[in-house]
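Residue numbers are given in the numbering used here: position 172 of the sequence shown equals residue 172, and the series is strictly consecutive. Even glycine gets a Cβ: it sits at the ideal position worked out from N, Cα and C. Model, not experiment: these values are computed from the prediction.
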Amino acid sequence: MKKIAIGLLIFLLGVLGTLWFTREKIEMIPETKLIYNGLEQISKLQVTQGYFTEVYTFKDSKTYWNDLVSFDKKALVVANVKAQIAYDLKQLDIEIDSIQKRIEVKHIPEPEVTLVPNISYYDVQQSTFNSFTAEDYNTIKDDLMKNLEDNQAVKDLKAQAHDRLFEELSKLLVLSKIYQWEVVDQTQSIDLDLNFKD
């Protein structure tokens, strides 16, 4: 009986040893590639930057058999967004006549809004038959971006950027008055009536 127990123990140790040494070794090797897509020279004046947090709840359900069975998925999404308002100076049309000492502002471009989101997903709940897909995450991001673009806070930021641009342009007007140049605004956007104290 003792020999059988020792033999059984040796057999079990042999099986465990074989399983230990032949087990699948999982080795994760992260690999990334950076693809350079090109370089673009830009002439943009960033005049305003704001920070927002958007909280978004995503819910989706699939129902079967006349709504008797429902498979739900939901997520709480928090997006911390940096909004940057800039003007493309390549679209700014200013003509300078140095002989007649005249600066003519012909066109001021519309502000460009750049939203840079940092999206975090919390409380993600899904069922086996209705799980999150890459398309769901893309839909959530697209909906968030659309909500942000239509948000009143972003519109207010654009208005502040507009005012800020004209503060900068008024500095040009001050310099022109000092050097006795004439500024003509065809856009009707700049307040040309600056009063100076002599």
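With three or more CB-CB distances shorter than 8 Å, the segment 37 to 57 counts as touching the segment 142 to 162.
According to the DSSP assignment, Tyr122 belongs to the beta strand (DSSP E) that extends over 112 to 125. CA-CA distance, Leu157 to Thr114, rounds to 12 Å. Between Thr128 and the set Lys74, Asp150, Tyr36, Val116, the nearest pair of CA atoms involves Lys74. As DSSP reads the structure, Lys82 sits in a beta bridge with Tyr51, Val116. Each residue's CA atom was taken as its position, placing Ser70 and Glu110 some 48 Å apart. Residue state for Ile103 is assigned as strand, using DSSP reduced to three classes.
About 33 Å separates the beta carbons of Glu40 and Arg102, which is beyond the 8 Å limit, so they are not a contact pair. Contact check for Tyr51 and Lys82: beta-carbon distance about 6 Å, within the 8 Å limit, so the pair qualifies. For Ile96, the enclosing beta strand (DSSP E) has its first and last residue at 93 to 97. Counting only runs that start and end inside the segment 131 to 198, the beta strand (DSSP E) elements of at least 3 residues fall at 182 to 185. Note that the C-beta distance between Asp88 and Ser43 is below 8 Å.
Exclusion of the five residues before and after Ile96 leaves Ile103 as the residues of its chain whose Cβ lies within less than 6 Å of its Cβ. Annotated three-state conformation of Phe58 is strand, per DSSP. Contact between Gln84 and Gln46 holds: their C-beta atoms lie close to 6 Å from each other, under 8 Å.
By the neighbour-count criterion, in which a residue is buried when 16 or more other Cβ atoms sit within 10 angstroms of its Cβ, Thr48 is buried. With contacts defined by Cβ atoms closer than 8 Å, Asn118 and Asn151 do not form a contacting pair. In this model, Ala5 and Phe21 are separated by some 24 Å (Cα to Cα).
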